[in-house]
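Participant: Residue numbers (this note's numbering), protein chains in the order written: chain A, 8 to 370; chain E, 50 to 358; chain C, 7 to 375. We put the CB at the ideal spot given by N, CA and C, even for glycine. Since this is a predicted model, take the numbers as computed values, not measurements.
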Amino acid sequence: MTFAVTSKAIGGRLIGDRFASTAEVVVIPVIAVIAALIAFGGFVGLFGVNPVELYTDMYMGAFGTFFSWQNTLTRAAPLILTALCTALPAQLGMVVIGGEGALVMGGLCATAAGLALLGAPPVVVQLAMAVAGMAAGGFWIAFAGALRHYRGVNETISTLLLNYIAIAILNHLVEGAMRDPASLNKPSTHSIGDQNMIGLIPGLGVHWGILFGVVAALIAYILVFHTVFGFSARIAGGNLRAARVVGLPVGKLILTMCFLGGCSAGLAGMVEIAAVQERANANLAAGYGYTGILVAFLARQNPLACIPVAILLGGIGASGGLLQRRLDLPDASVLVLQGIIFIAVLASDTLYGRFKIFQSKAV
Amino acid sequence: MADASSLGFWVVPIAVLGGAVRVSTPFLFVSLGECLTERSGRINLGLEGTLVMSAMVGYGVSYVSGSPWLGVLAAALTGAVLGAVHAVICGLPKVNDIAVGIALMLFGIGLAFFLGKPLIAPKANILPAIDFGWWTTIPQLHDALKINVLFLLGVVLAPVLVWALRSTRWGLVLRTAGESADAARAMGYSVNRIRLRATMTGGFLAGIGGSFLSLYYPGNWNEGLSSGQGITAVALVIFARWNPMLCFWASLLFGGAAALGPALQSVQITWGYHLFGAAPYILTLAIMIVTCSPKRTLVGAPAELSITK
Amino acid sequence: MNFDKLSRRQVLGGTAAIALAGALPAKRAFAADYTVGFIYVGSRDDYGYNQAHAQGAAAVKKMSGVKVTEEENVPETDAVEKTMESMINLDGASLLFPTSFGYFDPHILRVAPKYPDIRFEHAAGLWVPSMPKNIGSYFGYIDEAQYVNGIVAGRMTKTNKLGFVAAKPIPQVLRNINAFTLAAISVNPKVTTQVIFTGDWSMPVKEAEATQSIVNAGADVVTMHVDGPKTVVETASRRGVYVCGYHCNQAALAPNFYLTGAEWDWEDLYPKFVTMAMKGEKIPNFYRGGYKEGLVKSSPYGAMVPDAVRQQADAAKAAFLSGNFVIYKGGLKDNKGNVVIPAGPGLVQTDIKLESMSYLVDGVIGSTS
Numbered sequence: 008m009t010f011a012v013t014s015k016a017i018g019g020r021l022i023g024d025r026f027a028s029t030a031e032v033v034v035i036p037v038i039a040v041i042a043a044l045i046a047f048g049g050f051v052g053l054f055g056v057n058p059v060e061l062y063t064d065m066y067m068g069a070f071g072t073f074f075s076w077q078n079t080l081t082r083a084a085p086l087i088l089t090a091l092c093t094a095l096p097a098q099l100g101m102v103v104i105g106g107e108g109a110l111v112m113g114g115l116c117a118t119a120a121g122l123a124l125l126g127a128p129p130v131v132v133q134l135a136m137a138v139a140g141m142a143a144g145g146f147w148i149a150f151a152g153a154l155r156h157y158r159g160v161n162e163t164i165s166t167l168l169l170n171y172i173a174i175a176i177l178n179h180l181v182e183g184a185m186r187d188p189a190s191l192n193k194p195s196t197h198s199i200g201d202q203n204m205i206g207l208i209p210g211l212g213v214h215w216g217i218l219f220g221v222v223a224a225l226i227a228y229i230l231v232f233h234t235v236f237g238f239s240a241r242i243a244g245g246n247l248r249a250a251r252v253v254g255l256p257v258g259k260l261i262l263t264m265c266f267l268g269g270c271s272a273g274l275a276g277m278v279e280i281a282a283v284q285e286r287a288n289a290n291l292a293a294g295y296g297y298t299g300i301l302v303a304f305l306a307r308q309n310p311l312a313c314i315p316v317a318i319l320l321g322g323i324g325a326s327g328g329l330l331q332r333r334l335d336l337p338d339a340s341v342l343v344l345q346g347i348i349f350i351a352v353l354a355s356d357t358l359y360g361r362f363k364i365f366q367s368k369a370v
Numbered sequence: 050m051a052d053a054s055s056l057g058f059w060v061v062p063i064a065v066l067g068g069a070v071r072v073s074t075p076f077l078f079v080s081l082g083e084c085l086t087e088r089s090g091r092i093n094l095g096l097e098g099t100l101v102m103s104a105m106v107g108y109g110v111s112y113v114s115g116s117p118w119l120g121v122l123a124a125a126l127t128g129a130v131l132g133a134v135h136a137v138i139c140g141l142p143k144v145n146d147i148a149v150g151i152a153l154m155l156f157g158i159g160l161a162f163f164l165g166k167p168l169i170a171p172k173a174n175i176l177p178a179i180d181f182g183w184w185t186t187i188p189q190l191h192d193a194l195k196i197n198v199l200f201l202l203g204v205v206l207a208p209v210l211v212w213a214l215r216s217t218r219w220g221l222v223l224r225t226a227g228e229s230a231d232a233a234r235a236m237g238y239s240v241n242r243i244r245l246r247a248t249m250t251g252g253f254l255a256g257i258g259g260s261f262l263s264l265y266y267p268g269n270w271n272e273g274l275s276s277g278q279g280i281t282a283v284a285l286v287i288f289a290r291w292n293p294m295l296c297f298w299a300s301l302l303f304g305g306a307a308a309l310g311p312a313l314q315s316v317q318i319t320w321g322y323h324l325f326g327a328a329p330y331i332l333t334l335a336i337m338i339v340t341c342s343p344k345r346t347l348v349g350a351p352a353e354l355s356i357t358k
Numbered sequence: 007m008n009f010d011k012l013s014r015r016q017v018l019g020g021t022a023a024i025a026l027a028g029a030l031p032a033k034r035a036f037a038a039d040y041t042v043g044f045i046y047v048g049s050r051d052d053y054g055y056n057q058a059h060a061q062g063a064a065a066v067k068k069m070s071g072v073k074v075t076e077e078e079n080v081p082e083t084d085a086v087e088k089t090m091e092s093m094i095n096l097d098g099a100s101l102l103f104p105t106s107f108g109y110f111d112p113h114i115l116r117v118a119p120k121y122p123d124i125r126f127e128h129a130a131g132l133w134v135p136s137m138p139k140n141i142g143s144y145f146g147y148i149d150e151a152q153y154v155n156g157i158v159a160g161r162m163t164k165t166n167k168l169g170f171v172a173a174k175p176i177p178q179v180l181r182n183i184n185a186f187t188l189a190a191i192s193v194n195p196k197v198t199t200q201v202i203f204t205g206d207w208s209m210p211v212k213e214a215e216a217t218q219s220i221v222n223a224g225a226d227v228v229t230m231h232v233d234g235p236k237t238v239v240e241t242a243s244r245r246g247v248y249v250c251g252y253h254c255n256q257a258a259l260a261p262n263f264y265l266t267g268a269e270w271d272w273e274d275l276y277p278k279f280v281t282m283a284m285k286g287e288k289i290p291n292f293y294r295g296g297y298k299e300g301l302v303k304s305s306p307y308g309a310m311v312p313d314a315v316r317q318q319a320d321a322a323k324a325a326f327l328s329g330n331f332v333i334y335k336g337g338l339k340d341n342k343g344n345v346v347i348p349a350g351p352g353l354v355q356t357d358i359k360l361e362s363m364s365y366l367v368d369g370v371i372g373s374t375s
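Next comes the structure, spelled out in structure tokens:
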């Protein structure tokens, strides 16, 4: 009986007027973001900064010039991938915050694979790195999924702990077994070599990570909203007991979604090595995994929405420098703004279903 | 005066004991606070932000007023305010408390760094310690027994909370809200109001923990001050099965673990200090794996808690 | 830099961008002033590495016709590449000081070739002639100042045990530990130095615990090499032991326990570099120096340091100023008994071999791995 109710509710949501519900999920977050921007403008106003000047500078820094776009997209690239690490398991109702650890393990294993194959043709090396990075990240999060399914260990806490553990493993290896003795004052692994770097997208000046992110988000979107697998996952996410009653393979769903999410963050780690750092070191843990959580929640766990949200947050990051240099605001302004946006968007969750305008069409 | 080298490997357990007392206090207060919040049926992952924000406020108030105790009070009130923000937003229908916690963590840290810039350089008055080691001639032990009042307060608070949760009307109402919101409503209580109070009290306690960081140990304000202790303390509550006394022991364990790495280096065990640094996390995960079960919810877990559902 | 492309893209990007760009002419610094950019990895007032550089930047700010643009807490990822490019493209910077070691390879090496007219001055990097000519790497032999710390520490200790809280076992850090210890042994052969690595550049609780451990092991003079020495200085003074500072002057934090300290003197160097760059003179691509060149200095002695000790430390300074003092002498042994410098004249400060030091000298208790 529980199932009948749930399935009807989900069915209704899916089959009902798409336009009205799409409008609702676009309009409400946009209103929340605008409210957050107004609040932040008021906040900096307390410190004698003119909000109009603030947002003009931020627009300049994020989207105002070709260079600003490069800056924004470069910062957005890892965020799309790490966001999927949270967004995919979220379809099952899980809150995974282990993107940072999966990124680190992905980057580390991708480096190990690249170093093992040094001398092979670059395409082979790059493919091996991508596979190794995705596998490492995938298994890392799938481990948390398995703990959840087989042992009942809460995935939010386990992925959080796994982040710290991954970073400790990274530091231990780059300062020990995997250290290049020539990496003097910044302990690092050996370089994967210039020839193996994946480089920039010609004409755009942004590395390929942004394209990987967009493609991954598209695939994830199709998987979640246009396959039976995704449909099953969303049913399980809506009501786990019902999913078991109708015989859905809950364990398989959990492990697969976690694996795919981890793959995505692991790929972000591989890109960080193969497009930016050339070698693994402590800088791999730069916090992209944590910002990815923010992206996923702001995107309301919709893989496709992760793309514009990552670009928005990339833009805020890109303009952060200008806030420091031109308006003399602290670097933490970016954190405050992100926090306010995050809170506003989450609080706006309560508005769904309250506006007649979105409902009337659905009936 | 005993020669240090004559202590040999005894340096390690003494250091771990001292570290347990010194480092555990923030863990203890955050975990006790979170314990209350979670027993009322809500999880507040934002206590990391509370810890950092209240550390900054406590330091600032002590610097301006000259009184570290006023700093502690201000820090605790800051924590209560952040707790109230969490509770009010989560009180709205359909809002996810885990996500709001993460948002408040970001916001609290950001705001603390933003407002705390001018406080990095100045030197504020810090809290005094009580000397319980006057009887010993071993300087290491003597120093390990210099104990801050806040730690003692935590030692007293843990059993008091156990008793209050079990035996007072207030504790019963709080637990009812955590076990079954419907039952609490049937009894005529407002679940949101109970949780608001529990989250504010939780924030208040976490705020005291924050003031310990900036006003006693390490005893200054900078942006790396907490480095994740608040979030670790939240994990610790699950580890401690929502029992305040177990929170206390677990906090001591985590505090001692922080002293283990440096102490081992001081007796020539130098291998793998990064891994020793991660020991508390590995330990927590291992214990969770061993003690959890997919068949039933955790013993002691409040039934309304989103993370155990 | 291709401005044509830039503006064409702006047009394509929409008229709003043009309007905004036009609305901000006052902010643009392309015209009269010479713009210098400083980038820090941490907080500018950390009583440490970043503050030392920020003090240098403050000295540059006082120069006429110079505009300074600063950004702090910039991570060692492609974020710093974008910050450098942003300073060049949007602020019109002509000279950049990205001050963290980790900015050098690959980030500066990647950005510099794109902007051949811009000068990149980096602290501590190892520039070699195959690298772009618009990069300069400069650094101070701060181990000289740690040597002077060591003399004071060696004379002031009563337990003959010194402590060193260090971040990571890397050459710059090892060089400081070794210089400190060699100096202390030179005035007091019974001295040993206990070193504890925290594993990270800025971890206050770990630094405090490391200091506790060192004091528990019997040390009564402590020094450090972490990004922000504030925690170590305060913790040591609360335990009632002496400290020698690092990076900049921390005397204000522990007036009764602060013996002296090894400081950078970027306030001296940076205005010199900026003047040279503005005049179009060539700044050397590889620049190193110690007391003699004015790149490092010592904090004033604390009141508790007796005259005899001051004289001995001053004598060491004078030897460095004369330029013929050798810290790392021939026949030097590490703490495992291996001879790490062959018998002979030893390694002078400028010797590039010292920049890849991987050992702890005899007298240091600790291990590099």
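With distance defined between alpha-carbon atoms, name the residue in C:Ile358, C:Gly308, C:Gly295, C:Val311 nearest to Leu327 (chain C).
Facilitator: Mapped onto the third sequence, residue 327 (chain C) falls at position 321. Nearest C-alpha to Leu327 (chain C): C:Gly295.
Participant: Quick check: is the beta carbon of Leu245 (chain E) nearer than 8 Å to any beta carbon in chain A?
Facilitator: By 1-based counting over the second sequence, the position of residue 245 (chain E) is 196. No, no contact with chain A.
Participant: Under 9 Å Cβ-Cβ, which residues of chain A neighbour Asn145 (chain E)?
Facilitator: Counting from one through the second sequence, the residue named residue 145 (chain E) turns up at place 96. Simply Val102, Phe304, Leu353, Asp356.
Participant: What three-state label does DSSP hand Phe362 (chain A) in the structure shown?
Facilitator: In the first sequence, counting from the first residue as 1, residue 362 (chain A) sits at position 355. Here Phe362 (chain A) sits in coil by DSSP.
Participant: In the DSSP assignment, find the alpha helix (DSSP H) that holds Cys116 (chain A) and state where it starts and stops.
Facilitator: Taking the first sequence and counting its residues from 1, the one referred to as residue 116 (chain A) is at position 109. Counting along the chain, the alpha helix (DSSP H) containing Cys116 (chain A) begins and ends at 106 to 123.
Participant: Measuring CA to CA, which of C:Val232, C:Gly267, C:Gly224, C:Lys73 is closest to Val158 (chain C)?
Facilitator: Here the question's residue 158 (chain C) lines up with position 152 in the third sequence. Comparing Cα-Cα distances from Val158 (chain C) to each of C:Val232, C:Gly267, C:Gly224, C:Lys73, the minimum goes to C:Gly267.
Participant: Closer than 7 Å between beta carbons: that is the criterion. Which residues of the region 311 to 323 of chain E meet it against chain A?
Facilitator: Cβ contacts with chain A: Gly321, His323.
Participant: Taking the beta carbon of His323 (chain E) as the centre, do at least 16 other beta carbons fall within 10 Å, making it buried, or is it exposed?
Facilitator: Taking the second sequence and counting its residues from 1, one reaches residue 323 (chain E) at position 274. It counts as buried.
Participant: Hey, does Glu127 (chain C) have any beta-carbon neighbour from chain E nearer than 8 Å?
Facilitator: Here residue 127 (chain C) refers to the residue found at position 121 when the third sequence is read from its first residue. No, Glu127 (chain C) lies away from the interface with chain E (no Cβ there is under 8 Å from its Cβ).
Participant: So what does DSSP say about Phe103 (chain C), is it helix, strand or coil?
Facilitator: For the purposes of this step, residue 103 (chain C) is identified with residue 97 of the third sequence, where counting begins at 1. Phe103 (chain C) falls in the strand class under three-state DSSP.
Participant: Counting pairs of beta carbons, one from the region 77 to 92 of chain A and one from the region 80 to 88 of chain C, are three or more of them closer than 8 Å?
Facilitator: At 8 Å Cβ cutoff, the stretches touch.
Participant: Rounding to the nearest angstrom, what Cα-Cα distance links Cys139 (chain E) and Gly237 (chain A) in this structure?
Facilitator: As a first step, residue 139 (chain E) is located in the second sequence; it is residue number 90 there, counting from the start. As a first step, residue 237 (chain A) is located in the first sequence; it is residue number 230 there, counting from the start. Cys139 (chain E) and Gly237 (chain A): Cα-Cα distance of roughly 29 Å.
Participant: Among E:Gln317, E:Thr340, E:Gly304, E:Pro343, which has the Cα closest to the Cα of Ala328 (chain E)?
Facilitator: Working through the second sequence from its first residue, we reach residue 328 (chain E) at position 279. The residue with the shortest Cα to Cα distance from Ala328 (chain E) is E:Gly304.
Participant: Please list the partners that Glu82 (chain C) has in chain A, where partner means a Cβ-to-Cβ separation under 7 Å.
Facilitator: Working through the third sequence from its first residue, we reach residue 82 (chain C) at position 76. What Glu82 (chain C) touches in chain A: Asn290.
Participant: Taking Ser362 (chain C) as the reference, give the member of A:Lys193, A:Phe47, A:Val132 with the closest Cα.
Facilitator: Looking up residue 362 (chain C) in the third sequence gives position 356. It is A:Lys193 whose Cα lies nearest to the Cα of Ser362 (chain C).
Participant: Taking only three categories from DSSP, how would you classify Leu88 (chain A)?
Facilitator: Start at 1 with the first residue of the first sequence, and residue 88 (chain A) comes out as number 81. Helix, per DSSP.
Participant: Between which residues of its own chain and Tyr365 (chain C) is the CB-CB distance below 6 Å, once the five residues before and five after are set aside?
Facilitator: Indexing the third sequence from 1 puts residue 365 (chain C) at position 359. Same-chain partners within the cutoff: Asp340, Val346.
Participant: Let me see if you follow: with CB-CB separation under 8 Å, is Asn269 (chain E) close to chain C or not?
Facilitator: Sequence index remark: in the second sequence, residue 269 (chain E) carries index 220 (1-based). With 8 Å as the cut-off, Asn269 (chain E) counts as an interface residue toward chain C.
Participant: For the alpha helix (DSSP H) holding Gly142 (chain C), just list the boundary residues, first then last.
Facilitator: Sequence index remark: in the third sequence, residue 142 (chain C) carries index 136 (1-based). Looking at the DSSP string, Gly142 (chain C) is not in any alpha helix (DSSP H); the run it does join, the beta strand (DSSP E), is 141 to 146.
Participant: Short check: CB of Ala339 (chain A) to CB of Phe156 (chain E), under 8 Å?
Facilitator: Here residue 339 (chain A) corresponds to residue number 332 of the first sequence, with the count starting at 1. Here residue 156 (chain E) corresponds to residue number 107 of the second sequence, with the count starting at 1. No, the pair does not count as a contact, with Cβ atoms beyond the cut-off.
Participant: Do you know how far the Cα of Glu87 (chain E) is from the Cα of Leu354 (chain E)?
Facilitator: In the second sequence, the residue the question calls residue 354 (chain E) occupies position 305. In the second sequence, the residue the question calls residue 87 (chain E) occupies position 38. Rounded to whole angstroms, Leu354 (chain E) to Glu87 (chain E) spans 7 Å at the Cα level.
Participant: Looking at chain A, which residues of the region 165 to 196 of chain C have a Cβ within less than 9 Å of any of its Cβ atoms?
Facilitator: Against chain A - using a Cβ distance shorter than 9 Å - the residues of the region 165 to 196 of chain C are Lys174, Pro175, Ile176, Pro177, Gln178, Val179.
Participant: Shorter than 8 Å from the beta carbon of Ala53 (chain E) to some beta carbon of chain C?
Facilitator: Walking along the second sequence from the start, residue 53 (chain E) turns up at place 4. At Ala53 (chain E), the pLDDT of 46 sits below 50, so the modelled position is not reliable and the matter cannot be decided from this model.
Participant: For Cys270 (chain A), list the residues DSSP reports as bridge partners.
Facilitator: Translated into positions along the first sequence, residue 270 (chain A) becomes position 263. Answer is none; Cys270 (chain A) lacks a bridge partner.
Participant: Cβ closer than 9 Å: which chain A residues qualify as neighbours of Ser362 (chain C)?
Facilitator: Mapped onto the third sequence, residue 362 (chain C) falls at position 356. Neighbours of Ser362 (chain C) on chain A, chain order: Pro188, Ala189, Leu191.
Participant: Can you tell me where the alpha helix (DSSP H) with Ala172 (chain C) in it begins and where it stops?
Facilitator: Position 166 of the third sequence, counted from the first residue, corresponds to residue 172 (chain C). Per DSSP, Ala172 (chain C) belongs to no alpha helix (DSSP H); it is in the beta strand (DSSP E), 167 to 172.
Participant: Cα separation between Val239 (chain C) and Val232 (chain C)?
Facilitator: For the purposes of this step, residue 239 (chain C) is taken as the residue at position 233 of the third sequence. For the purposes of this step, residue 232 (chain C) is taken as the residue at position 226 of the third sequence. So the alpha carbons of these two residues sit roughly 11 Å apart.
Participant: Could you check if Lys236 (chain C) is buried or exposed, using at least 16 other CB atoms within 10 Å of its CB as the buried criterion?
Facilitator: Walking along the third sequence from the start, residue 236 (chain C) turns up at place 230. Result: buried.
Participant: Would you report the Cα separation of Leu262 (chain E) and Pro117 (chain E), rounded to the nearest angstrom?
Facilitator: Sequence index remark: in the second sequence, residue 262 (chain E) carries index 213 (1-based). Sequence index remark: in the second sequence, residue 117 (chain E) carries index 68 (1-based). So the two alpha carbons sit approximately 12 Å from each other.
Participant: Going along chain C, which residues have a C-beta under 8 Å from Asp192 (chain E)?
Facilitator: The sequence position of residue 192 (chain E) within the second sequence is 143, counting from 1. Per Cβ cutoff of 8 Å: Gln218, Val221, Asn222, Arg245.
Participant: Listing by chain order, which chain A residues have their CB less than 7 Å from the CB of Gly205 (chain C)?
Facilitator: The residue given as residue 205 (chain C) occupies position 199 in the third sequence. Neighbours of Gly205 (chain C) on chain A, chain order: Asn178.
Participant: Over the uninterrupted alpha helix (DSSP H) stretch that includes Phe163 (chain E), give me the two end residues.
Facilitator: For the purposes of this step, residue 163 (chain E) is taken as residue 114 along the second sequence, with counting starting at 1. Phe163 (chain E) -> alpha helix (DSSP H) spans 146 to 165.
Participant: Looking only at its chain, what residues have a beta carbon closer than 6 Å to the beta carbon of Ser271 (chain A), apart from the 5 residues adjacent to it on each side?
Facilitator: Counted from its first residue, the first sequence places residue 271 (chain A) at position 264. Result list for Ser271 (chain A): Leu88, Leu91, Cys92, Ala223, in chain order.
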